[in-house]
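**Student:**
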Amino acid sequence: MNGKSAWARCYGLVLFFSLILMVTFFISTPAQARKGWYLGGGLAKQSMSGGFEGNDGYMDPGMTVVVAPGKLAPGSGLALLLGYGFNENASLEYYFSSTSHSARFDAPGFPGQSATLSAGIIGPRFSTDSDNLSLFARLGLSAGILTYENAATSDGVNYFEAEFSGGGTGYGVGFEKIFGKWGLEVSFNKISVTFDELSVKTASGTLAGAIPGKGASITNTSALFSYHF
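Residue numbers for the sequence shown follow the numbering used here, beginning at 1 and rising by one.
The following block contains the structure:
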C-alpha cells in the first residue's frame with residue numbers, strides 16, 4: 001500500500017468511526033460548553049483549484065530559474081486546532097492542515113512532482129448552544145504554503161525545491177459533539193490564497209522574493225478530536 005492510499009484509508013476510517021461516535025454521544029451524552037483553551041488533531045483531505053498550478057511556469061525573483069508548478073491531485077494529511085472559548089457561542093481559534101500530493105505538469109521534459117500543501121485560518125468561531133449537537137462556523141484570515149520537491153530548473157536537467165506562499169481569507173462550517181473534556185468534530189472549509197511569494201532552493205543558495213500574485217481556492221474536509229482544558 002502506498003503512502004497516499006494509506007492516508008486516504010485512514011481518513012475514511014476515522015471519519016466513519018467519528019460519525020458512529022457522534023451518533024452514540026448524540027443519543028446518550030449531554031453537551032458541555034466550550035470554554036477556555038482547547039487543542040485538537042485529526043486527519044484532513046485537501047484539493048486545490050483556480051488555475052494557479054499547471055500554467056506555463058514562473059521565473060524566480062533573480063530571473064535565473066524556471067519554476068513550473070504541476071497540477072495537484074487531491075491529497076491527505078493532518079489537521080490541527082488551537083483555540084480559546086469565551087463562552088458556549090464564541091471562540092477565537094487557529095485551524096491548520098497539511099497534506100501530501102502528487103503533481104503533474106503537462107509540458108514535456110518535466111518529471112512527475114510531489115508537493116506539500118499547508119493552509120490555515122485564524123479568526124472567530126461561532127457555535128450554536130445545544131444540549132445534543134453543536135453546529136459551528138469559522139471565518140478569518142488565511143495563509144497558505146505550497147512546496148514542490150522538484151519544480152524548478154535552471155538547465156532542464158537539475159531540479160530544485162520551490163515554495164510558493166501567500167495569504168487571503170477562509171471560512172468553514174461543521175458540527176461538533178462535546179463529551180466531558182473531549183470534543184469530536186467534522187468540518188468543511190474553503191480557503192482562498194493569493195500566492196505572491198516564491199522561494200527556490202538551488203545548488204548555489206536560496207532565491208526568494210515577490211512574484212505576480214495568482215489566486216487559488218483550497219477545499220478542505222477534516223475529522224478531528226479536541227481536548228478542552
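Where a beta carbon is used, it is the ideal one built from N, C-alpha and C, also for glycine.
Does DSSP put Ser235 in a helix, a strand or coil?
**Tutor:** Nothing about residue 235 can be reported from this structure: the residues present for the chain run from 1 to 229 only.
**Student:** Kindly indicate the opening and closing residues of the beta strand (DSSP E) around Gly170.
**Tutor:** That run of the beta strand (DSSP E) goes Tyr159 to Phe179.
**Student:** Using the C-alpha atoms, what's the distance from Phe164 back to Glu197?
**Tutor:** Approximately 6 Å, taken between the alpha carbons.
**Student:** In or out: Pro69 buried (at least 16 other Cβ within 10 Å) or exposed?
**Tutor:** Buried: at least 16 other Cβ atoms inside 10 Å.
**Student:** Would you please state the rounded distance, in angstroms, between the beta carbons of Ile218 and Gln113? I believe it to be under 8 Å.
**Tutor:** So it is not a contact: roughly 18 Å between Cβ atoms.
**Student:** Do you know offhand how far Glu93's Cα is from Phe175's?
**Tutor:** Cα to Cα, Glu93 sits roughly 15 Å from Phe175.
**Student:** Cβ of Leu139 versus every heavy atom of the ligand SAM: is any distance shorter than 7 Å?
**Tutor:** Absence of the ligand SAM is noted for the structure shown, with no ligands found whatsoever.
**Student:** What span of residues does the beta strand (DSSP E) with Lys214 cover, start to end?
**Tutor:** Element bounds for Lys214: Gly205 to His228.
**Student:** Do the region 173 to 188 and the region 203 to 217 meet, that is, are 3 or more Cβ pairs less than 8 Å apart?
**Tutor:** Verdict: no, contact absent.
**Student:** Within the continuous beta strand (DSSP E) that includes Gly70, where are the two ends?
**Tutor:** Careful: Gly70 lies outside any beta strand (DSSP E) and carries neither H nor E.
**Student:** Would you check if the distance between the CB atom of Ala119 and the CB atom of Ile191 is smaller than 8 Å?
**Tutor:** Contact: yes.
**Student:** Look up Arg104 in the DSSP assignment and say whether it is helix, strand or coil.
**Tutor:** Three-state result, Arg104: strand.
**Student:** Ordered along the chain, which non-local residues of its own chain (more than five positions away) have a Cβ less than 6 Å from that of Gly3?
**Tutor:** Note that Gly3 has pLDDT 44, beneath the 50 cutoff, so the model's placement of it is unreliable and the number below is only indicative. Cβ neighbours of Gly3 beyond the five flanking positions: none.
**Student:** Buried or exposed: which applies to Gly75, given that a residue is buried once 16 or more other Cβ atoms fall within 10 Å of its Cβ?
**Tutor:** That one is buried.
**Student:** Going by the DSSP bridge assignment, what does Gly144 pair with across the sheet?
**Tutor:** According to DSSP, Gly144 bridges with Ala119 and Gly166.
**Student:** Sort out for me which residues DSSP pairs Asn189 with in a bridge.
**Tutor:** For Asn189, which the question treats as bridged, DSSP gives the partners Gly172 and Asn220.
**Student:** Might you give, ordered along the chain, the residues of its own chain that have their beta carbon closer than 6 Å to the beta carbon of Tyr38, omitting 5 neighbours on each side?
**Tutor:** These residues qualify, in order along the chain: Gly83, Ser226 and His228.
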